[in-house]
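Read the structure below first, then the notes.
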Amino acid sequence: AQSVTQLGSHVSVSEGALVLLRCNYSSSVPPYLFWYVQYPNQGLQLLLKYTSAATLVKGINGFEAEFKKSETSFHLTKPSAHMSDAAEYFCAVSGGGNAGNMLTFGGGTRLMVKP
Amino acid sequence: GAVVSQHPSWVICKSGTSVKIECRSLDFQATTMFWYRQFPKQSLMLMATSNEGSKATYEQGVEKDKFLINHASLTLSTLTVTSAHPEDSSFYICSARVGMGYGYTFGSGTRLTVV
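Keeping their order, the protein sequence lines are chains Z and P.
So that you can map any letter, position 75 of the first sequence is 75 in the numbering used here, and since no number is skipped, the others follow by simple counting.
Just add 115 to wherever you are in the second sequence, counting from 1, and you've got the numbering used here.
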């Protein structure tokens, strides 16, 4: 069984400020973890993924996330927010060891960026 | 990169009619596709997993006779909403697993409105 919890359904930051979106997971097997971004009325775009290699994962658009097994966390960060970062962000987990496993999504976090 | 094309992007239909949504993998073979439903301001809910050439596996609570999924080829999966009702109005998104690893690519979504 696997699940994802995203703390904070809404996060608001000022342009240029640090972005921190929280994600905690539970998984009975070593997890593969993902962050996706969704703009209104669009599908999901992959930001980054952790698949048991380096624990600090760098993604697109300046985002990165760190896998911390002891904390069962995979928080997403970006040093300096841009207006174009305003969107919905989803953390997802997939169970390792079974290539057919589907993704389980967290509830999502809406990021708002103030000028 | 792997691209999934989803059509239509939006559709309005009358109550009682059926609507077909198509997802095509453009530059890879998608042996497994996933269909999600997303309500406004909510996360993605997995409806079913389809494997090419076999029957789809539906999640608990999803009516298989209402949401018909066909995955007849390695590049095409379809979702047909039969006898649509206003409560079926939602955003539907397909996703394909890329290769045997943990890459997932998403369609751009279909906004269904039943009137």
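Backbone N, C-alpha and C define an ideal beta-carbon position, used for all residues, glycine too.
Since the structure is predicted, the reported quantities are computational estimates derived from the model, not experimental observations.
Given that a residue counts as buried once 16 or more other Cβ atoms are within 10 Å of its Cβ, and exposed if not, what is residue i?
i	result
E88(Z)	buried
S70(Z)	exposed
K122(P)	What sits at residue 122(P) in the sequence shown is His, not Lys. Exposed: under 16 other Cβ atoms inside 10 Å.
G43(Z)	buried
D203(P)	buried
M162(P)	buried
K49(Z)	buried
P155(P)	exposed
T104(Z)	buried
G106(Z)	buried
M102(Z)	buried
A145(P)	buried
Between the alpha carbons of residue i and residue j, how many angstroms are there, rounded?
i	j	result
S12(Z)	L111(Z)	6 Å
T132(P)	E66(Z)	48 Å
S158(P)	S205(P)	12 Å
I64(Z)	H186(P)	Note that residue 64(Z) is Glu in the sequence shown here, rather than Ile. When rounded, the distance between both Cα atoms is 35 Å.
F90(Z)	R152(P)	14 Å
G8(Z)	L21(Z)	8 Å
V196(P)	L183(P)	7 Å
H75(Z)	S192(P)	33 Å
W35(Z)	S169(P)	30 Å
T172(P)	M160(P)	14 Å
G16(Z)	C23(Z)	22 Å
G97(Z)	H82(Z)	Bear in mind that a pLDDT of 49 at G97(Z), under 50, signals an unreliable position, so the number given afterwards is only what the model happens to contain. C-alpha separation (whole angstroms): 37 Å.
S52(Z)	I60(Z)	19 Å
D142(P)	S188(P)	14 Å
P115(Z)	K78(Z)	16 Å
L18(Z)	A117(P)	31 Å
K179(P)	I208(P)	17 Å
S73(Z)	S198(P)	43 Å
T55(Z)	K68(Z)	7 Å
K181(P)	L47(Z)	34 Å
S80(Z)	G62(Z)	9 Å
V236(P)	E174(P)	Residue 236(P) is absent from the model: chain P starts at 116 and stops at 230.
S14(Z)	N41(Z)	24 Å
Throw me the rounded Cβ distance for the residue i and residue j pair, which I believe falls under 8 Å.
i	j	result
D85(Z)	V113(Z)	6 Å
V93(Z)	V29(Z)	So it is not a contact: roughly 10 Å between Cβ atoms.
P31(Z)	Q2(Z)	7 Å
L33(Z)	Y39(Z)	Not confirmed; about 22 Å, so no contact.
S27(Z)	G95(Z)	6 Å
Ordered along the chain, which non-local residues of its own chain (more than five positions away) have a Cβ less than 6 Å from that of residue i?
i	result
Q45(Z)	V37
W125(P)	R226
H10(Z)	R110
S210(P)	F149, Y219 and F221
A99(Z)	For A99(Z), the pLDDT reaches just 43, beneath the cut-off of 50, and the residue's location in the model is therefore unreliable, although a value from the coordinates is still provided. Excluding residues within five positions, none has a Cβ falling inside 6 Å.
R139(P)	S120, T190 and L191
T147(P)	N166 and R212
E137(P)	H122 and T193
For residue i, list the residues DSSP reports as bridge partners.
i	result
S73(Z)	N24(Z) and K68(Z)
I136(P)	L194(P)
Q38(Z)	L44(Z) and E88(Z)
P31(Z)	G95(Z)
G218(P)	V213(P)
H122(P)	E137(P)
Can you give me the Cβ contacts of residue i inside the same chain, cut-off strictly under 8 Å, excluding the 5 residues immediately before and after it?
i	result
P201(P)	S130, V229 and V230
Near residue i, which residues of its chain fall below 7 Å by C-beta distance, leaving aside the five closest residues on each side in sequence?
i	result
S223(P)	Q121 and S124
I127(P)	T228 and V230
V177(P)	M162 and A163
Could you check whether the Cβ of residue i sits closer than 7 Å to any Cβ belonging to chain A?
i	result
M102(Z)	The structure shown contains no chain A; its protein chains are Z and P.
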